[in-house]
Every structure is written in structure tokens, then in C-alpha cells.
RNA sequence: GCCCCGGUGGUGUAGCGGUUAUCAUACGGGCCUGUCGAGCCCGUGACUCGGGUUCAAAUCCCGACCGGGGCGCCA
């Protein structure tokens, strides 16, 4: 037998009727009726049926019906069109190679009639991923990331990679994972914020980074991970945060369009609708958002950031207007990090929300050295801790801004998934460190 | 950091002081030439751990371990 596979399941068509093909994959199910048996074989694209008769090929028949489910095999045989088969074709096997025998029972059923819990699924993620609805999420994730790259490159952004092992607690706010760096203490980066800003003093003008970030927060919710990925951008010579927002909305629109176009099967498998946002996506000023919430009976003191409940209600209000994506802009300066450009008591900032969940936040940044030092102090932080960062503001720093977009959050909201852990292959959360 | 909730066969569950510990699915065996959630018959298989209360604990109490979710914070 020369090759293990000449065709994937979905490639079978009438032109192969009566022809010899070789297929390979996992044995999803064996239905043995005594003298005839049906083997459902699964590959990356779907499933196909192998039909074998005891009288015709006794040896192959016996081998096939005695396999454990999820064994890996390669079968050479004749493809036959047959309308009794679900996808229209069956393979009559003439040669069988058992490439890997599976143990039984499975720790997690691939097509069992009982649903497994997330914990069991994650403990056996490699099996979980054999399910088409699970695999679809990661096929879409691939398109999401690559379409983001397309879009950003076409718009003059340069891909960069900044350190994930850093010397000091960068932004304040979240807790960082501490680690030993030879004789020094170090931390895992919570975001590329300070580095991508420093790069604005380099003349690269537009940079983006797709990378991992680490947050040592002890939360245990369906929206949080301790290790997650993000698309970050930073751009110089902007007139205000609107320039950044238009990149973000264009990016999200492009991502949605690409997914819609290139992931039709996966979208169908997941039974979701991908609606690319209309540009410009609505801008809701923080003050307006407060009023909208007040009408719904939610009282919030001016200056407070929205909690998850408020975000959810705003999402509900927008959904009634048929809007999935919307910006919340002009937050009070105290609700935003120190590098955010102030504007009166407000800030040149924005959050992008999707269906009631914040998926991205950004702003115009402060590029004036003295103002930046003052804002660091006002936030109770020590300018000396930021000396490497601050230095970049002393020798020619153009006006700039950017955003961070959480990949898992975006994917979760696009696909209406209930748990962010669905969107990452091997999640790290409050309690999970393996596999 | 705070607050709720839960741990029963491989998987998912019922039971909530005295049961032969329920059911499904999976697994093993048998029958079956058109299955596609195949069907039918038979079988194997479980109370997280430690202490306590009680004549009696899966069941009540305490602790540990493991897990789920919410808040805060954020992506």
C-alpha cells in the first residue's frame, strides 16, 4: 500500500464512482449487522462509510468489526455511489492497514449520547477536538488570526514581538506571575502596552503584535483565563482616538467577513450567524451609556466603570436595535490606566463591546513626558519603576494610540459560546495547569 | 481577595439516615445483509479522602483535597 490517504471524506464525488480510493482516519463507529458491517470513518473534513460483507472479504470483515472505536486505520477500496448512505458514497474495502489501535473504553466519547462536562473534556482535550463542533472553533480561530494579519499588513502595520519576561510590574492593576530570572526577580507580561508605545518612538509608526499574556488574577469565571492571547496595535501620528477606532472597526469587520466567507461549514456546524458590523459602528459616550442604564433602572455613580451586569444590560439594549458591536467612548479619566490621554475630566478612550461583553479597549495615549509622569504619580505609581518606558518620551515621541483585542473573548462572542475556555486549546485558569 | 454551589461505574445521572445504590450511555459476550442516536438478549462496572454523630451514613456534622459559578478586576 503506497499512501495512507488519497482522498478526504468530503472529496468523494460521482467522478470517483467505481474507482479505487484510499481513505484514512479514526473509526468513529462500528455497526455490525452480522453478515454486513458499516464502519464510520472520520477525518478532518467529516465522515464517510466503509461497508464490508462477511462473505466477500471475511478477513477484512473480521478485522474491522473487532477494532476498538477511535482506532486509526487506512483503507484502500472501491468508492461506490449509494443513496442509502448518508453522504451518498461508501467504500468497499480491499486492503486494510491498522495504523494505531485505540484502547477501550474511551475516557471521553466522541459520538456518545451523553454529554461530558467541560472538565472531563479538557482533561481529554485531544479527544474532545475530534468532535466537529469543537474542531470548528479552532478552524475559525485560525481564519480570525490570519485575516487580522492580512488586514493589518495591508494597512501598513508591522508585526513585532515584545518580551513576555519583564522586569517590573508594568501597568499596575492586575497581578502578575512572578518568576525567577537567574539572580533577579521577573514577571510574565500582562500586555505589550509599554513596549508597543516605546516602539512609537522608533519610527515604525504602526505596529501590531499577536501574542500570549498572563494575569495572575484568582478569578474563576466563564470569561477569564490566566493565559490568553490578544491582538495589540499601536499607531503614531494620529489626530485623536477616532483614528484608532476606525482601524479597530475595520479590523473586526474584515475578520467577520473572512470568517463568514471561508468558514461556511464550521459556521453551519456551530449553528451561528456571523454578522459583520456596519461601519461606522455606533459610538456611545460614557455619559449616554449612564443615561441608557438609568432608563433601565440601573443607578451608577458618575466615574464608576461598568460592571459585567451593566455591560450585559447595555448589550441587551443594543441588541434590541439590531447592533452586535458598539463603542463606549469618553470614559472618565479615573476609570482608565495612567497612559490614557485625558480630555477635561474624561479621556480619549474607548471600549469595543460585542453582545454585552468588552472585547477590546484602547485610547489615544499621552505622548507628553511631563504629563505622563504626573499621571503615573496621580495613580499612586512610582515614575522610577517606569524609567525605561519614560525615556522613550524624552527624545521625540509622536502623538499615538492603540488598542488590545482579546482573541478568545472575540471568538467567544462571535460564536455565542458560553465559556471562554472553549476558545483556547489548553486553557490555563484558576485551577487548571494541565494538560 | 470576597461569596455561593457541587464531588455516586469510563461518561452523564437518580437516590439525600435502613435500597440487592436508579437509569442512560460506554465496555464485554451473543443474534441479525442496509445500518446511519441501528435493534434485541445477557453480563462487568461506582458512593473523593479523613474524622465525628447514630443501632445504622452515599445520605447528617467538621476538616482536607478536587471541581463549578458569581462579584471585584479585566481582554
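In this note's numbering, the protein residues as written are 100 to 534.
All C-beta atoms in this analysis are idealised placements derived from N, C-alpha and C, irrespective of residue type, glycine included.
No experiment lies behind these values; they were computed from the predicted model shown.
How far does the beta strand (DSSP E) with residue i in it extend, from its first residue to its last?
{"i": "residue 280", "result": "277-280"}
{"i": "residue 128", "result": "119-131"}
{"i": "residue 308", "result": "305-313"}
{"i": "residue 174", "result": "171-180"}
{"i": "residue 141", "result": "135-142"}
{"i": "residue 148", "result": "145-152"}
{"i": "residue 504", "result": "499-505"}
According to DSSP, is residue i part of a helix, a strand, or is it coil?
{"i": "residue 187", "result": "coil"}
{"i": "residue 467", "result": "coil"}
{"i": "residue 424", "result": "strand"}
{"i": "residue 228", "result": "coil"}
{"i": "residue 290", "result": "coil"}
{"i": "residue 329", "result": "strand"}
{"i": "residue 210", "result": "coil"}
{"i": "residue 450", "result": "strand"}
{"i": "residue 166", "result": "coil"}
{"i": "residue 493", "result": "coil"}
{"i": "residue 296", "result": "helix"}
{"i": "residue 59", "result": "Nothing about residue 59 can be reported from this structure: the residues present for the chain run from 100 to 534 only."}
{"i": "residue 283", "result": "strand"}
{"i": "residue 344", "result": "helix"}
{"i": "residue 161", "result": "helix"}
{"i": "residue 440", "result": "coil"}
{"i": "residue 155", "result": "coil"}
{"i": "residue 257", "result": "strand"}
{"i": "residue 247", "result": "helix"}
{"i": "residue 431", "result": "strand"}
{"i": "residue 378", "result": "coil"}
{"i": "residue 317", "result": "coil"}
{"i": "residue 513", "result": "helix"}
{"i": "residue 461", "result": "strand"}
Check whether the Cβ of residue i lies closer than 8 angstroms to any heavy atom of the ligand ADP, and answer yes or no.
{"i": "residue 288", "result": "The ligand ADP is not part of this structure, which contains no ligands at all."}
Considering only the alpha carbon of each residue, which of the options lies closest to residue i?
{"i": "residue 103", "options": "405, 195, 517 and 262", "result": "195"}
{"i": "residue 539", "options": "132, 452, 375 and 401", "result": "The question about residue 539 has no answer, for the chain in this structure spans 100 to 534."}
{"i": "residue 492", "options": "466, 481, 516 and 351", "result": "466"}
{"i": "residue 201", "options": "171, 479 and 313", "result": "171"}
{"i": "residue 444", "options": "468, 403 and 349", "result": "403"}
{"i": "residue 178", "options": "117, 162 and 533", "result": "117"}
{"i": "residue 431", "options": "184, 455, 407 and 400", "result": "400"}
{"i": "residue 138", "options": "150, 132 and 144", "result": "150"}
{"i": "residue 232", "options": "213, 209 and 478", "result": "209"}
{"i": "residue 510", "options": "124, 330, 157 and 198", "result": "330"}
{"i": "residue 314", "options": "304, 308 and 325", "result": "325"}
{"i": "residue 136", "options": "410, 448 and 158", "result": "158"}
{"i": "residue 456", "options": "420, 440, 516 and 215", "result": "516"}
{"i": "residue 212", "options": "128, 304, 520 and 385", "result": "128"}
{"i": "residue 254", "options": "182, 446, 410 and 346", "result": "346"}
Taking 9 angstroms as the threshold (C-beta atoms), are residue j and residue i in contact?
{"i": "residue 523", "j": "residue 328", "result": "yes"}
{"i": "residue 471", "j": "residue 437", "result": "yes"}
{"i": "residue 337", "j": "residue 463", "result": "yes"}
{"i": "residue 190", "j": "residue 122", "result": "yes"}
{"i": "residue 496", "j": "residue 334", "result": "no"}
{"i": "residue 392", "j": "residue 412", "result": "yes"}
{"i": "residue 525", "j": "residue 293", "result": "no"}
{"i": "residue 174", "j": "residue 140", "result": "yes"}
{"i": "residue 288", "j": "residue 312", "result": "yes"}
{"i": "residue 134", "j": "residue 162", "result": "no"}
{"i": "residue 180", "j": "residue 354", "result": "no"}
{"i": "residue 461", "j": "residue 505", "result": "no"}
{"i": "residue 224", "j": "residue 534", "result": "yes"}
{"i": "residue 518", "j": "residue 217", "result": "yes"}
{"i": "residue 148", "j": "residue 188", "result": "yes"}
{"i": "residue 458", "j": "residue 418", "result": "no"}
{"i": "residue 371", "j": "residue 275", "result": "no"}
{"i": "residue 256", "j": "residue 184", "result": "no"}
{"i": "residue 332", "j": "residue 295", "result": "yes"}
{"i": "residue 260", "j": "residue 215", "result": "no"}
{"i": "residue 242", "j": "residue 357", "result": "yes"}
{"i": "residue 258", "j": "residue 176", "result": "no"}
Got a sec, what are the start and stop residues for the alpha helix (DSSP H) residue i sits in?
{"i": "residue 394", "result": "385-394"}
{"i": "residue 365", "result": "363-369"}
{"i": "residue 414", "result": "407-419"}
{"i": "residue 219", "result": "217-222"}
Original post:
Is there contact here, the segment 317-335 with the segment 418-427, by at least three beta-carbon pairs under 8 angstroms?
Top reply: no
Original post:
When the Cβ atoms of the segment 102-111 are set against those of the segment 153-169, are three or more pairs found closer than 8 angstroms?
Top reply: no
**OP:** Determine contact between the segment 360-378 and the segment 230-238, defined as no fewer than three beta-carbon pairs at a distance below 8 angstroms.
**Re:** yes
**OP:** Decide if the segment 430-446 is in contact with the segment 367-376; the criterion is three or more beta carbon pairs, one per stretch, under 8 angstroms apart.
**Re:** no
Original post:
Taking three-plus beta-carbon pairs below 8 angstroms as touching, is the segment 257-269 in contact with the segment 282-300?
Top reply: Taking 8 angstroms as the limit for Cβ pairs, the verdict is that the segment 282-300 does touch the segment 257-269.
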